[in-house]
Amino acid sequence: MSIKDVLGWATNPIVGPAMIATKPEPERAAIKDELDALNANPAAKYRRLPMSDFPFFRHFPTLLEDRLNHRDDPQFFSESCVEREEAARIEVPIAHIGGWFDLFTRNTVRQFELASEMASTDQLLVVGPWQHGNFVSEKLSGVKLPGSTVDTNQIVFDWIASRNRDSKRDESSPSAYIYVLGANKWRAEQQWPIAGTKVTSHYLRADNRLSVDPGPEGERSFDYDPRNPYDAKSVVGGLPDVGAHHDHPGVLVYQSDVLTVPVEITGWPSVELKARTSSTDVDWLVELNVVSAYGTSRLYSEGITRARYRNGRDKPEAVVPGEEVTYTIEMRPTSVQVQPGERIEIAISGGKFPTYERNPGSFIDLNTCTEDDMVVSHNDILSGVTGSKVNLPIVPVEAQGEWIKNPWPGSLKWRLTMGLTARALMSVSGHATT
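All residue numbers for the sequence shown refer to the working numbering, where the first residue is 73 and numbers rise by one.
Below is the structure:
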């Protein structure tokens, strides 16, 4: 979860009062005053520093303090992770259901991959164009997504029925059902990642282009001021148009030529970013966007890394200013068919706030720093055959599975009921559904 999700979720009208109710009666009024003060100015809530002394949250260490105090300790978060050893102990079939715009997409897809490899039982993956808890909206950010509504209960019922003791497993049945954005249709796949996927490097060129041809050596530069952060919506906003934010001084954009044939990107994009910075610590944020013939720039995947953790989360280390470093940035899984007339776009920045907390631009204590500690970083993105590139999982036509109708459309009554529930949940979490 991002810092915005943590702060927003815990202070919403349902969770916040519920947390206060767990405290002794004499303490509740003062804690409620802190909660009300935070919610009175949401923008100030996210900008508030230092993180180590946060109103309302300081009364509930498990919400924020414990996480902050274990920034450099991956073991602290191990209980929420499924690794190979845990996956090998799975003895039951599992239906892994998630959305391309869910908070937990990485976890859903990765756990399916590990369980499929290590567990002794069948696994099912279903990923649609959904935000967290919203399986019924067929439009996000004004984009129509026909056939995307599903009855999640029916998914589970069908899965259980196909795996009971009296049923024989059909070896030819798909293990993954994915909604391919852009094509806006469901497809059944025998495995995930899709067999036949060709991971293809596209280079970030010094002439602003994104191309399989690396071009000559060169560089592009930008200055990033954490006091004036890049503030476009994150991918969990559901296909936001981020193009209007790309005139921010802390953003570089690279675009492919206009496509003449469809190109499908399905899987895990990643970036090898070769860069220099003037600071001792910075963040590197990458967006994967699709630019339409009308100029809208829709966000499909993103990833971020913090320079101090380039050698491991448990090995924070200051960056040597001016030193060339190659950073590996793992992006969220996605599935999009880019259409003729559109462009593939990569945007690079020094952060995205309030989705992610701000990096002060220095190798200092992140829990106690304030805006007074923040510095502007000068950053160079290097190009050429050994320069920066994005590795895109391209699925050629011959490797694509069977296009199918929505397998679980649900009844009208179910859609209406779940639609109202989803809108209530999304309004509480702060994520739009239109």
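In this text, a Cβ means the ideal position worked out from N, Cα and C, and glycines have one as well. The structure presented is a predicted model; accordingly, all values stated were derived computationally and were not measured.
Exercise. What are the boundary residues of the alpha helix (DSSP H) that includes E58?
Worked result: In this structure the chain extends from 73 to 506, so residue 58 is not present and cannot be described.
Exercise. Pairing CB atoms from the region 404-418 with CB atoms from the region 361-379, are three or more of them under 8 angstroms?
Worked result: Yes: the two stretches touch, three or more of their Cβ pairs being nearer than 8 angstroms.
For this session: Assign D295 to buried or exposed, taking buried as 16 or more other Cβ atoms, counted over all protein chains shown, within 10 Å of its Cβ.
Result: By the neighbour-count criterion, in which a residue is buried when 16 or more other Cβ atoms sit within 10 angstroms of its Cβ, D295 is exposed.
Problem set entry | Which of helix, strand or coil DSSP assigns to T377 | Three-state DSSP puts T377 in a strand.
Exercise. Looking at the structure shown, is A117 part of a helix, part of a strand, or coil, going by DSSP?
Worked result: It is Lys, not Ala, that sits at residue 117 in the sequence shown. Helix at K117.
Exercise. Can you name the residues that DSSP bridges to T427?
Worked result: None; T427 has no bridge partner.
For this session: Report yes if the C-beta distance between T427 and P122 is below 8 angstroms; otherwise report no.
Result: Cβ distance not < 8 angstroms, so T427 and P122 don't count as in contact.
For this session: Please list, in chain order, all residues of the same chain as A187 whose beta carbon is under 7 angstroms from its beta carbon, the five residues on each side excluded.
Result: Closer than 7 angstroms at Cβ, skipping near neighbours: A159, I162, I166 and Q195.
For this session: Would you check whether the ligand SAH has a heavy atom nearer than 7 angstroms to the C-beta of P265?
Result: In the structure shown, the ligand SAH is absent, as is every other ligand, since no ligand is present at all.
Problem set entry | Three-state secondary structure (DSSP) of G339 | If DSSP states are grouped into helix, strand and coil, G339 belongs with the strands.
Exercise. Near H168, which residues of its chain fall below 8 angstroms by C-beta distance, leaving aside the five closest residues on each side in sequence?
Worked result: Contacts found: T180, V181, Q183, F184, A187, Q195, L196, L197 and V198.
For this session: Check the C-beta distance from S213 over to G315 and give it rounded, since I have them as a contact under 8 angstroms.
Result: Rounded, the Cβ-Cβ distance is 12 angstroms, inconsistent with contact.
Problem set entry | Beta-carbon proximity list for A390, same chain, < 8 angstroms, skipping 5 on both sides | Around A390: T352, D353, R380 and F435.
Exercise. Between K257 and G290, which are expected to be in contact by the criterion C-beta below 8 angstroms, what is the C-beta distance as a whole number of angstroms?
Worked result: Their Cβ separation, rounded to whole angstroms, is 40 angstroms, which puts K257 and G290 out of contact at 8 angstroms.
Problem set entry | V358 beta carbon less than 8 angstroms from that of I420 | Yes, Cβ-Cβ distance for I420 and V358 is below 8 angstroms.
Exercise. How long is the line joining the alpha carbons of H592 and S152, rounded to whole angstroms?
Worked result: The shown model of the chain, from 73 to 506, leaves out residue 592, and the question about it has no answer.
Problem set entry | Close beta carbons around R382, own chain, < 7 angstroms, minus the five adjacent residues each side | Within its own chain, the residues whose Cβ lies closer than 7 angstroms to the Cβ of R382, once the five positions on either side in sequence are excluded, are V397 and Y399, listed in chain order.
Exercise. In chain order, what residues of the same chain have a beta carbon less than 8 angstroms from the beta carbon of I75, not counting five sequence neighbours either side?
Worked result: So the qualifying residues of the chain are Y118, P426, T427, Y428 and E429.
For this session: Within its chain, find whatever has a CB closer than 8 angstroms to the CB of V408; leave out the 5 residues flanking it on each side and keep chain order.
Result: V252, L253, G254, E336, I337, T338, V362 and Y372, listed in sequence order.
For this session: Could you name the residues of the same chain whose beta carbon sits closer than 7 angstroms to that of K270, not counting the 5 residues immediately before and after it, in chain order?
Result: I466 and P468.
Exercise. Are T440 and S124 close, meaning C-beta to C-beta below 8 angstroms?
Worked result: It is a contact, given that the beta carbons lie within the stated cut-off.
Problem set entry | Beta-carbon spacing of Y249, A267 below 8 angstroms | Cβ atoms of Y249 and A267: not closer than 8 angstroms.
For this session: Using a threshold of 8 angstroms, state whether the C-beta atoms of P393 and T349 are closer than that.
Result: Yes, these two residues count as a Cβ contact at 8 angstroms.
For this session: Would you mind listing the beta strand (DSSP E) stretches within the region 350-422 that are 3+ residues and don't spill past its ends, in chain order?
Result: Runs of the beta strand (DSSP E) inside the region 350-422: 355-363, 369-378, 397-402, 406-410 and 415-421.
For this session: May I ask you to report which of helix, strand or coil DSSP gives A316?
Result: It is helical.
Problem set entry | Straight-line Cα distance separating V333 from E414 | The straight-line gap from Cα to Cα measures roughly 10 angstroms.
Exercise. Comparing alpha-carbon positions, which option in G384, E137 and R378 lies nearest D355?
Worked result: Nearest C-alpha to D355: R378.
Exercise. Using the C-alpha atoms, what's the distance from G200 back to W172?
Worked result: Using only the alpha carbons, I get a separation of about 6 angstroms.
Exercise. Can you tell me whether DSSP reads A248 as helix, strand or coil?
Worked result: Correct three-state label for A248: strand.
Exercise. From what residue to what residue does the beta strand (DSSP E) around K461 run?
Worked result: Looking at the DSSP string, the run of the beta strand (DSSP E) that includes K461 is K461 to I466.
For this session: Measuring alpha carbon to alpha carbon, tell me which of V87, S460, D329 and F129 ends up nearest A365.
Result: That would be D329, whose Cα lies nearest to the Cα of A365.
Exercise. In this structure, does DSSP put T458 in helix, strand or coil?
Worked result: DSSP places T458 in the coil class of the three-state scheme, outside both helix and strand.
Exercise. Can you tell me the Cα-Cα spacing of N431 and M446, whole angstroms?
Worked result: A direct Cα-to-Cα measurement between N431 and M446 gives close to 8 angstroms.
Exercise. Any idea if K477 is buried or exposed, counting beta-carbon neighbours within 10 angstroms, 16 or more meaning buried?
Worked result: Label assigned to K477: exposed.
Problem set entry | Residue from I418, A112, D145 and S369 with nearest C-alpha to S283 | Here the closest residue by C-alpha is I418.
For this session: Kindly indicate which residue of W475, R385, D444 and Q411 has the alpha-carbon position closest to the one of D144.
Result: Comparing alpha-carbon positions, the option among W475, R385, D444 and Q411 lying closest to D144 turns out to be R385.
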